[in-house]
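First up is the structure itself, then whatever we jot down about it.
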Amino acid sequence: MRVLITGMGGELGTRVAQILEASAEVGDIAGCDFVPPRRRLRRAEFRRIDPRHREKLRDFVLEFAPTHVAHFGVYEPASRLTPAQAAQRTELTSMVALSAAARAGALEYVVVRSGLEIYGRRSNTASVPDESVPPAPRTPYGTSLLKVEAAVAGIARRHEIPVGAMRYAPVVGSHVPSPIGRLLRLPVVPVPAFADPPFSLVHPEDACAAMVESLFAKVSGPVNVVGEGAASPWQAVRLGGRLPFAMLPPMWSVASQAVEFMGAAIAPHVIELLRHGRTASGAHARTVLPKLSLRSTQTVLQELYEWAEVVPMSTVRREVA
Amino acid sequence: MIAVELHSRTTFGVDPDRVNMPQSLVTAVRRRVAGRYPLDAFGLDAQLSDLMAPLLRGVIKVSVAGDEHIPSRGPAVLVMNRGFGVFEPAALTVAVMNACGRRARVVGAPGVWGVGAALRRIGAIAASVADVTSALNEGHLVVVPLAPTWLSATAGSPPLELLQACMGVPVHPVSVRAAGPLNTALNGWRIAVGPAIEADPAIAPGDPLGAAELTESIRNAVDNLL
């Protein structure tokens, strides 16, 4: 089993590499990203490649000739990149790395990172969608995810191999750069004035476990990876002891700029989550990934808030003195 | 494919599938201020719903025949008649609570702003195939009302698409009738629950023709109970 991890520099990519390193069933592991891995890797090979250097990325993947691909090169807007940069890098990584992996000739399985944003706005026709609900994204990130799933479905058709898509609820954790996590940790949090829709989250460790399990089980098709239960914006703000700031619909564009100034940019898919909610049915995951045990949304939130505040070094030095 | 086993879980000590003893008002208010209360993906606020349960039981009086047919665990569907459509689901919700302590997830939360969200908080779900499928996959007891029949005491038209999504789980017919004079609810409600309707095992889940046959059997069964 030769595993290629695209987006290995991200929190999830690095953690998946660590889990795979510990498995005797996995032979060579290689990964690439435009940022270095977040943790020390013992036997995985990492190559720092900006996806805009297509030839470099293609040659690296062709040379490695993976049998399995865990595609984490799907970048969430306002996480580490601007929306435009995220869309561009996602598209390039997906097209170049996946097509090169397929052309190398040894490919047996591909699993990609996707998200519930692909279902679009939570509506009365599908407020808790399962995998059979047709995607109808309404945000740039949702559209980006749909393109990745479409690309990988094309590879599945042409090369007759199974491909999976992990449709994650927003991945929120203390160390994961996540726009919704960052927003909820602000002292004052914008929330919709006349709505309080439910949304679900998933813990980063669970997201990684789902990816690894799908690599071993070669799960085919989309799978919703969603933590148990849900939370709502007003509830989440109270749970974190933050101050809610009620917003009317026209105020969101102004709020996104104000909040960006405070250090937590809001992308359109985050506004969609706060205004319309985002949940899905995780029943299929329990069937196809039976070893997976997901933390509840409330647990994920509590862990987010239990993470210590950032204390400036000058304050620490003063206290020690 | 519908999961047969109930996927049971609790958050903050509250089981979203079962009606729990309501917390004291002080505890409930304190927990709400601190945001420590459970919500499910459909929007059910179990703590709020538990607080309202004694009130509902006090206001809506029901007498139930055949309550042993209501499944105490796992996914199941109760198909009921309704006149005007508002009070019958509430009466059946109380009956289910009394019979087995489960929460009935009534199908039909409207998309109307405010009203839909409020009904979802107390356990309603949208009348969509996706939501009914998801609720059954999560192991809930789903109540599907037939079309309203206004003043006529017969079973209304069954929602074919929704019942197609219910194939593969036990489906029980239920009749709900006002017990008072002149068909009023002054003396409460009389509810009769029938045994699960046996579907032809040769019919595959989702088969439209099979679903049509099933819906007709359900409508007849509800009519017979009425």
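Here the protein sequences line up with chains A and B, keeping their order. The letter at position 94 of the first sequence is residue 94 when you use the numbering used here, and the numbering goes up by one with no holes. Throughout, the numbering used here is defined as the position within the second sequence, counted from one, plus 1000. Ideal Cβ positions, reconstructed from N, Cα and C, are used throughout, including at glycine. Just so you know, these numbers come straight off a predicted model, no measurement behind them.
Proximal chain A residues relative to A1117/B, where beta-carbon distance stays under 8 Å: Neighbours of A1117/B on chain A, chain order: A195, D196, P197.
For N224/A, the first and last residue of its enclosing beta strand (DSSP E): 221-225 is the extent of the beta strand (DSSP E) around N224/A.
Residues bridged to Y109/A (per DSSP): Per DSSP, H68/A.
Assigned exposure category for S1175/B - 16 Cβ within 10 Å defines buried: With 16 or more other CB atoms across the displayed protein chains lying within 10 angstroms of its CB, S1175/B is buried.
N- and C-terminal bounds of the alpha helix (DSSP H) containing H276/A: Per DSSP, H276/A belongs to the alpha helix (DSSP H) from 268-276.
Nearest residue (CA-CA) to V1235/B, options M1021/B, R1030/B, A1041/B, V1062/B: This structure cannot settle anything about residue 1235/B, because the visible part of chain B is limited to 1001 through 1226.
Simplified DSSP state of D130/A, which is helix, strand or coil: Here D130/A sits in coil by DSSP.
Limits of the beta strand (DSSP E) - the one that T6/A falls within: Where T6/A is concerned, the enclosing beta strand (DSSP E) stretches over 3-6.
Cα-Cα separation between Q85/A and R42/A, rounded to whole angstroms: Between Q85/A and R42/A, the C-alpha separation is close to 30 Å.
8 Å Cβ cut-off: residues of chain B touching Q235/A: Near Q235/A (Cβ distances below 8 Å), the residues of chain B are G1035, Y1037, L1039.
Chain B contacts made by the region 130-151 of chain A, where a contact means CB separation under 8 Å: Here the close residues are D130, S132, V133.
T1215/B at chain A interface by Cβ criterion, 9 Å: Chain A has no Cβ within less than 9 Å of the Cβ of T1215/B.
E45/A: first and last residue of the uninterrupted beta strand (DSSP E) it sits in: Looking at the DSSP string, the run of the beta strand (DSSP E) that includes E45/A is 45-48.
Neighbour flag for P1208/B against chain A, beta carbons, 9 Å: So no, P1208/B is outside the interface.
Within 9 Å, strictly: CB atoms of S281/A and S1134/B: Cβ distance < 9 Å, so S281/A and S1134/B count as in contact.
Closer than 9 Å to chain A by CB, N1020/B: With 9 Å as the cut-off, N1020/B does not count as an interface residue toward chain A.
Closer than 9 Å to chain B by CB, E272/A: Cβ-Cβ to chain B under 9 Å: no for E272/A.
Through-space distance from L1055/B to A1109/B, alpha-carbon basis: When rounded, the distance between both Cα atoms is 21 Å.
Buried versus exposed, by CB contacts within 10 Å (16 or more), M1097/B: Around the beta carbon of M1097/B, 16 or more other beta carbons sit within 10 angstroms, so the residue counts as buried.
Separation of H71/A from P1089/B, as counted between CA atoms: Rounded to whole angstroms, P1089/B to H71/A spans 47 Å at the Cα level.
Residue(s) in a DSSP beta bridge with L243/A: In the DSSP secondary-structure assignment, L243/A is bridged to V188/A.
Sequence-distant residues of the same chain with beta carbon closer than 7 Å to P197/A, five excluded per side: Correct list, in chain order: R122, S232, H276, G277.
Contained alpha helix (DSSP H) runs [length at least 4] in the region 1016-1045 of chain B, N- to C-terminal order: Taking only runs of at least 4 residues, the alpha helix (DSSP H) segments lying wholly in the region 1016-1045 of chain B are 1025-1033.
Collapsed DSSP secondary structure at A323/A in the structure displayed: Lying before the first or after the last residue shown, residue 323/A is absent from chain A, which here runs from 1 to 321.
Assigned exposure category for T1154/B - 16 Cβ within 10 Å defines buried: Result: exposed.
Beta strand (DSSP E) segment containing H1172/B, residue limits: Counting along the chain, the beta strand (DSSP E) containing H1172/B begins and ends at 1171-1178.
DSSP state of W307/A mapped onto helix, strand, coil: In the structure shown, W307/A falls within a coil segment according to DSSP collapsed to helix, strand and coil.
Proximal chain A residues relative to I1133/B, where beta-carbon distance stays under 8 Å: Strictly speaking, residue 1133/B in this sequence is Thr, with Ile absent from that position. Simply D130, S132, S281.
In chain order, each alpha helix (DSSP H) run of at least 4 residues that lies wholly inside the region 1113-1156 of chain B: Complete alpha helix (DSSP H) runs here, min 4: 1115-1121, 1129-1137.
Where R238/A meets chain B, residues with beta-carbon distance less than 7 Å: Residues of chain B passing the Cβ test: V1033, A1034, G1035.
Of the listed residues F216/A, E149/A, V69/A, L274/A, nearest to L289/A (C-alpha basis): Taking only the C-alpha atoms, the option nearest L289/A is F216/A.
Contact list for A126/A against chain B, beta-carbon separation under 9 Å: Correct list: A1126, S1128, V1129, A1130, D1131, S1134.
Endpoints, beta strand (DSSP E) assigned at C32/A: First-last of the beta strand (DSSP E) with C32/A: 29-33.
V300/A CB to nearest heavy atom of the ligand GTP below 8 Å: Ligands in the displayed structure: none, and consequently the ligand GTP is not present.
Alpha-carbon spacing of M330/A relative to E1068/B, whole angstroms: Residue 330/A lies beyond the residue range present for chain A, which begins at 1 and ends at 321; the question has no answer from this structure.
Beta-carbon proximity of A102/A to I49/A, cut-off 9 Å: I49/A sits away from A102/A, with the two beta carbons spaced by 9 Å or more.
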